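My numbering applies: residue 20 is where the sequence shown begins, and numbers increase by one.
Input: a single structure, listed below in structure tokens.
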Amino acid sequence: MVRIRVLVVDDHRIFAESLAAALAAEPDVEVAAAGSGPAALRCLERAVAEGRRYDVLLVDADLGGRPTGGRSPVPVRGADEEGLVDGISLVAGVRAAQPAVRTVVLAGKDDPRRAALALGAGACGWVAKDCSLSRLLAVIRGVLRDETHLPPALLTGVLKELTAARRHRSESERLVESLTPREREVLRCMVAGLGRKAVAERLYLSPHTVRTHMQNVLGKLGVHSTLAAVALARRAGVGPVDLTGNVVERGGQLA
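Shown next, in the form of structure tokens:
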């Protein structure tokens with residue numbers, strides 16, 4: 020019998036353990052529970068190392084008690100020991116690190132906006148926490164067949180949110196395309212959280228030149244702060260500069 024390996028991620032221990040026990044009663048389901056985002060990431064990494072990957076991740080939408088609000092989900096490389104990684108950002112992190120794992124968000128209430136964020140982050144489903152066990156099992160088996168599951172009442176709202184997000188993203192992409200190659204590189208450094216001095220050292224520029232580039236970036240993007248520029252960049256799909264590799268090589272002259 021092919022067994023489905025499920026990881027339940029919820030910081031409410033009683034709920035997580037009760038759900039895990041109910042799922043484990045199914046003959047074709049093997050289940051474990053994790054109480055935080057970092058714990059879930061460690062479970063996934065350990066499973067890969069041991070050659071027993073998880074198939075489905077069930078993630079609490081309110082994991083860590085820090086809802087995503089209006090910010091874009093960010094791939095998660097790790098977090099502090101308090102588990103302060105929200106559920107939707109965890110979905111994005113798992114999608115980036117282990118794309119074969121299917122994720123389903125467990126929500127305490129229907130929220131079209133957050134459901135759309137979850138789908139955008141890579142989730143395959145959004146399920147109410149008070150749904151029946153048979154419904155949850157149907158979703159788990161369905162996502163393994165590459166199905167996407169949403170409550171019927173959310174479909175119209177989620178489609179509206181996704182359409183609006185796509186329109187917003189297109190505008191953000193147009194603004195980013197107006198930047199020069201050097202300005203885009205500076206923007207990627209900003210997305211990575213680098214300050215003016217660090218950007219100057221990385222790109223072999225003077226701090227004054229970096230300040231000018233940053234001001235130009237803000238002006239062309241039509242924003243008034245670095246935080247707003249980073250949010251717009253992420254909507255446009257601009258990722259951070261790679262901080263683990265080599266710095267940009269010095270060109271013939273300073274830009």
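Glycine included, each C-beta is placed from N, C-alpha and C at the ideal position.
Model, not experiment: these values are computed from the prediction.
Please name the residue in the options whose C-alpha comes closest to that of residue i.
i: Ala58; options: Leu181, Gly83 and Gly161; result: Gly83
i: Leu5; options: Ala68, Asp47 and Thr182; result: In the structure as shown, the chain begins at 20 and stops at 274. Residue 5 is therefore absent and cannot be evaluated.
i: Ala140; options: Arg154, Gln117, His31 and Thr199; result: Gln117
i: Arg72; options: Leu60, Leu246, Leu125 and Ser225; result: Leu60
i: Ala285; options: Ala80, Gly238, Cys208 and Gly112; result: Since the first and last residues shown for the chain are 20 and 274, residue 285 lies out of range.
i: Met209; options: Val249, Ile23 and Arg253; result: Val249
i: Thr199; options: Pro171, Asn235, Leu155 and Gly176; result: Asn235
i: Ala44; options: Leu152, Glu196, Gly144 and Leu76; result: Leu152
i: Trp145; options: Glu190, Leu174 and Glu192; result: Leu174
i: Val218; options: Leu262, Glu166, Thr167 and Val21; result: Leu262
Report buried or exposed for residue i, applying the criterion of at least 16 other Cβ atoms within 10 angstroms of its Cβ.
i: Ser108; result: buried
i: Val204; result: In the sequence under discussion, the amino acid at residue 204 is Glu, which differs from the Val named in the question. It counts as buried.
i: Ser55; result: buried
i: His243; result: exposed
i: Arg32; result: exposed
i: Pro131; result: buried
i: Val27; result: buried
i: Ser91; result: Note that Ser91 scores a pLDDT of 37, beneath 50, so its modelled location is shaky and nothing firm can be said.
i: Gly112; result: buried
i: Gly241; result: exposed
i: Val260; result: buried
i: Ala29; result: The identity of residue 29 in the sequence shown is Asp, whereas the question assumes Ala. So Asp29 counts as buried.
i: Ala68; result: exposed
i: Ala119; result: exposed
i: Arg96; result: Residue confidence for Arg96 is low, a pLDDT of 42 falling below 50, so the modelled location carries little weight and cannot support an answer.
i: Leu155; result: buried
i: Leu246; result: exposed
i: Val50; result: buried
Could you check the C-alpha separation between residue i and residue j for me, to the nearest Å?
i: Glu36; j: Ala211; result: 37 Å
i: Gly88; j: Arg133; result: Reliability of the predicted coordinates at Gly88 is poor, the pLDDT of 42 falling under 50, and no value is obtained from them.
i: Leu194; j: Tyr223; result: 26 Å
i: Val125; j: Ser225; result: Reading off the sequence shown, one finds Leu at residue 125, where the question assumed Val. When rounded, the distance between both Cα atoms is 49 Å.
i: Val78; j: Gly127; result: 12 Å
i: Pro86; j: Asp105; result: Confidence is the limiting factor: at Pro86 the pLDDT is only 45, short of 50, which leaves the residue's position unreliable and the question unanswerable from this model.
i: Leu63; j: Ala52; result: 11 Å
i: Val123; j: Leu38; result: 14 Å
i: Ala157; j: Leu251; result: 37 Å
i: Arg24; j: Val162; result: 13 Å
i: Leu178; j: Thr228; result: 44 Å
i: Glu101; j: Leu76; result: Note that Glu101 has pLDDT 38, beneath the 50 cutoff, so the model's placement of it is unreliable and the number below is only indicative. Straight-line Cα distance between these residues: approximately 20 Å.
i: Glu180; j: Ala41; result: 34 Å
i: Asp47; j: Arg160; result: 11 Å
i: Cys150; j: Arg253; result: 34 Å
i: Leu138; j: Arg230; result: 37 Å
i: Phe34; j: His168; result: 22 Å
What residue range is occupied by the uninterrupted beta strand (DSSP E) comprising residue i?
i: Thr122; result: Arg121 to Ala126
i: Glu49; result: Val48 to Ala53
i: Val75; result: Val75 to Asp79
i: Val146; result: Gly144 to Ala147
i: Leu136; result: No beta strand (DSSP E) holds Leu136; the alpha helix (DSSP H) holding it covers Pro131 to Ala140.
With C-beta atoms as the reference, is residue i less than 8 Å away from residue j?
i: Arg233; j: Arg221; result: Rather than Arg, the amino acid found at residue 233 in this sequence is Met. No, they are not a contact pair.
i: Ala142; j: Val110; result: yes
i: Arg114; j: Asp74; result: no
i: Val257; j: Arg201; result: no
i: Ser197; j: Ala255; result: no
i: Asp129; j: Pro171; result: no
Starting from residue i, trace the alpha helix (DSSP H) both ways and give me its first and last residue.
i: Leu237; result: Pro226 to Leu240
i: Val162; result: Leu152 to Val162
i: Arg254; result: Thr245 to Arg254
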